[in-house]
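Here's the structure, in structure tokens; my notes come after.
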Amino acid sequence: MKKHLFLLLGTACIGIIEPSAQNWVNGGNSLAANGSLGTNTNFSLIFKTNNTERGRITNGGNWAIGSTGTTSKFTVNSAASTSPFRAQINGSTKLIVGTNGGVSIGTATAGPANGLYVVGSVGIGTATPSYKLHVEGGTGTAIFGNSSNYTPSIYGYNTYSGGTAVEGICPNIGVYGYAGNYGVYGVATSAGGYGVYGVNNSGSTSNGRGVYGSSSWIGVDGIGNTFGVRGNVSGASAYAVGAISSQSIGLYAYTGNSSSYAGYFAGRVYSSGGYTSSDRNLKEDIVDVSNAMDVINQLKPKSYKFRQDGNYKLMNLPQGKHFGLIAQDVEQILPDLVADAEFDPGRIPQQAKEGTSTTGTPQPPVQESKGEIINFKALNYTELIPIMVKAMQEQQQVITEQQNRIEKLEQLVYKLSNGLNIGTNVNNAKLGDVSPNPVKGTALISYSIPEGSKTAQLLISDALGRQIKVVQLSASGVINVDVSALAKGVYNYSLIVDNSIRDTKKMTVIR
Numbered sequence: 001m002k003k004h005l006f007l008l009l010g011t012a013c014i015g016i017i018e019p020s021a022q023n024w025v026n027g028g029n030s031l032a033a034n035g036s037l038g039t040n041t042n043f044s045l046i047f048k049t050n051n052t053e054r055g056r057i058t059n060g061g062n063w064a065i066g067s068t069g070t071t072s073k074f075t076v077n078s079a080a081s082t083s084p085f086r087a088q089i090n091g092s093t094k095l096i097v098g099t100n101g102g103v104s105i106g107t108a109t110a111g112p113a114n115g116l117y118v119v120g121s122v123g124i125g126t127a128t129p130s131y132k133l134h135v136e137g138g139t140g141t142a143i144f145g146n147s148s149n150y151t152p153s154i155y156g157y158n159t160y161s162g163g164t165a166v167e168g169i170c171p172n173i174g175v176y177g178y179a180g181n182y183g184v185y186g187v188a189t190s191a192g193g194y195g196v197y198g199v200n201n202s203g204s205t206s207n208g209r210g211v212y213g214s215s216s217w218i219g220v221d222g223i224g225n226t227f228g229v230r231g232n233v234s235g236a237s238a239y240a241v242g243a244i245s246s247q248s249i250g251l252y253a254y255t256g257n258s259s260s261y262a263g264y265f266a267g268r269v270y271s272s273g274g275y276t277s278s279d280r281n282l283k284e285d286i287v288d289v290s291n292a293m294d295v296i297n298q299l300k301p302k303s304y305k306f307r308q309d310g311n312y313k314l315m316n317l318p319q320g321k322h323f324g325l326i327a328q329d330v331e332q333i334l335p336d337l338v339a340d341a342e343f344d345p346g347r348i349p350q351q352a353k354e355g356t357s358t359t360g361t362p363q364p365p366v367q368e369s370k371g372e373i374i375n376f377k378a379l380n381y382t383e384l385i386p387i388m389v390k391a392m393q394e395q396q397q398v399i400t401e402q403q404n405r406i407e408k409l410e411q412l413v414y415k416l417s418n419g420l421n422i423g424t425n426v427n428n429a430k431l432g433d434v435s436p437n438p439v440k441g442t443a444l445i446s447y448s449i450p451e452g453s454k455t456a457q458l459l460i461s462d463a464l465g466r467q468i469k470v471v472q473l474s475a476s477g478v479i480n481v482d483v484s485a486l487a488k489g490v491y492n493y494s495l496i497v498d499n500s501i502r503d504t505k506k507m508t509v510i511r
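Each residue of the sequence shown is one higher than the one before, starting from 1 at the first, in full-length UniProt numbering.
Set out below in structure tokens:
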């Protein structure tokens with residue numbers, strides 16, 4: 001295989017250019033000035049030992065070793081078993097071209113086939129590299145990688161548990177990746193490592209980003225056995241995960257089955273508004289709730305405090321006195337409102353040590369002992385609301401029926417206490433609704449009196465049945481009643497025909 005290396009070779013050409021050729025003798029010639037060694041015709045100068053060519057200078061002035069012709073200034077060609085070139089300093093090899101085509105710098109160890117092996121640091125744009133590969137200078141791309149298949153364009157690997165495979169520091173973007181599949185892909189093998197770790201320590205609280213993702217579909221996508229995407233902050237007014245959307249959904253969480261949770265919050269949750277899916281088109285087997293009050297009467301409200309001992313403190317349960325229901329009690333009455341849940345302390349990595357969360361060097365999170373999984377029951381308080389609504393409706397129906405009975409009993413008591421006949425209402429003896437109601441000042445009341453009636457009165461009484469005012473009536477019509485002197489409250493007004501109460505209604509007096 002032909003290798004082209006451009007080297008500066010010092011050659012002492014001894015002789016004086018004269019019309020006649022210089023005779024060279026074994027052991028060297030004594031010259032009074034510079035001399036020359038070569039040909040005066042258009043032929044190559046060939047060097048031999050043991051009648052075998054060892055090198056030549058072509059008629060075009062190119063040097064060739066192991067080759068009979070070359071288009072380069074200097075060419076060395078060797079057999080597959082022989083290194084074509086080696087450079088040494090004080091007997092130590094500093095540059096060698098191996099038999100496999102690889103080049104080694106700083107060592108005699110063979111490099112990768114057709115590749116490069118360097119012992120020491122490589123500086124591109126700098127003579128004092130600080131890293132194994134140090135690239136500086138220019139305004140363009142410092143390192144560019146391009147791959148046409150599934151292999152990475154740039155690949156970094158670090159076996160140390162606290163090390164970093166690829167690290168980028170820049171006033172704008174530390175690491176930028178562009179690909180048809182993964183722009184930036186990171187894998188960590190240690191328990192406390194990070195696949196991708198981003199830090200912005202500029203001190204700005206308005207626009208700094210540790211990790212930024214932008215996409216027509218998913219900006220940042222994470223997959224993990226514990227957390228797909230995890231956020232951690234140390235500021236009192238900061239957000240571990242911020243989700244903002246001006247036109248659609250700020251934060252979307254999805255679970256693939258009904259037995260797991262799309263969201264799990266170990267602590268208090270605040271929301272300025274919320275909706276729950278309740279469209280008729282989403283439901284089937286719709287049936288009215290009945291006997292809701294019976295269900296409510298079986299529930300046993302309690303006051304209690306949440307446990308704060310052991311691993312329970314990691315659940316961030318509310319402190320202080322609280323009111324609610326016991327899930328096991330509700331499960332006996334409404335089993336569909338209770339679900340099994342669990343809390344695994346081992347899945348909750350603790351925050352990084354104080355002072356290291358905003359540095360440029362990733363620090364593995366502090367891990368606590370995992371402990372046992374806490375199994376518990378969760379209660380859907382939201383679905384108790386429809387049952388409570390139905391119970392209130394049932395209760396109101398009972399109250400209304402009781403109120404009607406009370407009014408009838410009040411009328412009966414009034415009649416008995418005033419010596420009136422207890423008659424029945426007839427269709428043509430009735431009262432109209434007071435207008436306005438509530439009333440302040442005067443009230444208009446319409447009434448109908450059967451023909452042939454001897455006497456008719458409008459009687460106003462208070463809630464206790466005490467007579468307040470009596471107005472004599474004649475034929476059917478509308479009467480304007482002055483109630484300005486009455487105290488505020490609820491009053492009964494009754495139509496009495498021939499000493500018999502025919503109709504009674506209520507009015508409210510206000511001030």
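Glycine included, every Cβ here is placed at the ideal spot set by N, Cα and C.
Exposure label - residue i; buried when at least 16 CB within 10 Å
i      : result
Tyr491 : buried
Val413 : exposed
Thr504 : buried
Leu37  : exposed
Ala236 : exposed
Thr39  : exposed
Ser277 : exposed
Val497 : buried
Ile510 : exposed
Gly355 : Bear in mind that a pLDDT of 39 at Gly355, under 50, signals an unreliable position, so the number given afterwards is only what the model happens to contain. The residue in question, Gly355, is exposed, as its Cβ has fewer than 16 Cβ neighbours within 10 Å.
Arg347 : exposed
Gln367 : Low per-residue confidence applies at Gln367: pLDDT is 49, beneath 50, and the placement is therefore not dependable enough to give any value.
Gly193 : buried
Nearest-angstrom beta carbon gap, residue j and residue i [assumed within contact, 8 Å]
i      : j      : result
Pro129 : Val122 : 6 Å
Thr442 : Val483 : 7 Å
Thr58  : Thr70  : 7 Å
Val220 : Gly231 : Actually they are not in contact, since the Cβ atoms of Val220 and Gly231 sit about 11 Å apart, beyond 8 Å.
Gly324 : Lys302 : 7 Å
Leu458 : Ile445 : 7 Å
Tyr493 : Val434 : 7 Å
Ala327 : Leu384 : So it is not a contact: roughly 12 Å between Cβ atoms.
Phe47  : Gly55  : 5 Å
Asp340 : Asn375 : 7 Å
Pro318 : Arg280 : Incorrect: roughly 36 Å between the Cβ atoms, too far for contact.
Gly198 : Val211 : 4 Å
Ala253 : Ala262 : 4 Å
Thr93  : Arg86  : 6 Å
Asn404 : Thr508 : In fact, because the Cβ distance is near 18 Å, the residues do not count as touching under 8 Å.
Sub-7 Å separation of residue i and residue j beta-carbons
i           : j      : result
residue 513 : Gly61  : What is shown of the chain runs 1 to 511, which leaves residue 513 out entirely.
Ala391      : Arg502 : no
Gly98       : Ser83  : yes
Leu116      : Val135 : no
Val166      : Gly177 : no
Leu495      : Tyr447 : yes
Gly222      : Val233 : no
Asn90       : Gly101 : no
Gly125      : Gly137 : yes
Ala292      : Ile399 : no
Leu314      : Pro345 : yes
Range of the contiguous alpha helix (DSSP H) that encloses residue i
i      : result
Val295 : 292-298
Val330 : 327-333
Range of the contiguous beta strand (DSSP E) that encloses residue i
i      : result
Ile496 : 489-497
Trp217 : Here Trp217 belongs to no beta strand (DSSP E), and DSSP marks it neither H nor E.
Lys321 : Premise fails: Lys321 is in no beta strand (DSSP E) and is neither H nor E.
Ser72  : Run containing Ser72: none; DSSP gives neither H nor E here.
Ile477 : The sequence shown places Gly at residue 477, not Ile. Residues 477-482.
Val338 : 338-343
Leu473 : Premise fails: Leu473 is in no beta strand (DSSP E) and is neither H nor E.
Ile460 : 456-461
The ligand COA heavy atom lying under 6 Å from the CB of residue i
i      : result
Val175 : Absence of the ligand COA from the depicted structure is noted, as is the absence of any ligand whatsoever, leaving it without description.
Opposing strand residues paired with residue i [DSSP bridges]
i      : result
Leu116 : Val103
Ile173 : The partner list for Ile173 (beta bridge, DSSP) is empty, contrary to what the question assumes.
Gly55  : Phe47
Met507 : Tyr491
Arg86  : Ile96
Lys302 : Gly324
Val122 : Leu133
Val439 : Val509
Leu282 : BP columns for Leu282 are empty, so no partner.
Leu379 : Val338
Gln467 : Ser461
Tyr447 : Leu431, Gly477
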